[in-house]
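Asker:
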Amino acid sequence: MTQEELKQNVEKALEEIRPFLQSDGGNISLLSIEDGKLVKVQLEGACTSCSVNQMTLKSGVEMTIKKYAPQIEQVINVEA
Numbered sequence: 001m002t003q004e005e006l007k008q009n010v011e012k013a014l015e016e017i018r019p020f021l022q023s024d025g026g027n028i029s030l031l032s033i034e035d036g037k038l039v040k041v042q043l044e045g046a047c048t049s050c051s052v053n054q055m056t057l058k059s060g061v062e063m064t065i066k067k068y069a070p071q072i073e074q075v076i077n078v079e080a
């Protein structure tokens, strides 16, 4: 899988997650993919102050990204 295909797959995963975050007044954006296995995202809006955002990130976001791109090992949120 090329870097571009990997990025497209991660974006597809984020598109699947986005409506749930937006319903709570938040959003998520892809910052980078490093070494083909580490995804850096940024939670935005209401998601930044949400106390469950780390849990959301681990359970929902990471799981969904891995569904589209199994080689991803870790997803981290970079605070603004």
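Residue numbers are given in full-length UniProt numbering: position 22 of the sequence shown equals residue 22, and the series is strictly consecutive. We put the beta carbon where it would ideally sit given N, CA and C, even for glycine.
Does at least one heavy atom of the ligand SAH sit under 7 angstroms from the Cβ of LYS37?
Answerer: The ligand SAH is not part of this structure, which contains no ligands at all.
Asker: Please state whether DSSP places LYS40 in a helix, a strand or coil.
Answerer: If DSSP states are grouped into helix, strand and coil, LYS40 belongs with the strands.
Asker: Under a three-way DSSP split, which group does VAL10 fall into?
Answerer: If DSSP states are grouped into helix, strand and coil, VAL10 belongs with the helices.
Asker: Inspect the CB distances between the segment 62-71 and the segment 20-28 and report whether three or more fall short of 8 angstroms.
Answerer: Touching, no.
Asker: Can you check DSSP and say which residues form a bridge with GLN71?
Answerer: Paired residue(s): none; GLN71 is not in a bridge.
Asker: What residue from LYS12, PRO19, ALA46, GLU4 has the CA that sits closest to ASP35's CA?
Answerer: Checked all of LYS12, PRO19, ALA46, GLU4; the closest Cα to ASP35 is GLU4.
Asker: State the Cα-Cα distance for the pair PHE64 and ALA80, rounded to the nearest angstrom.
Answerer: Reading off the sequence shown, one finds Thr at residue 64, where the question assumed Phe. Each residue's Cα considered, the two are about 23 angstroms apart.
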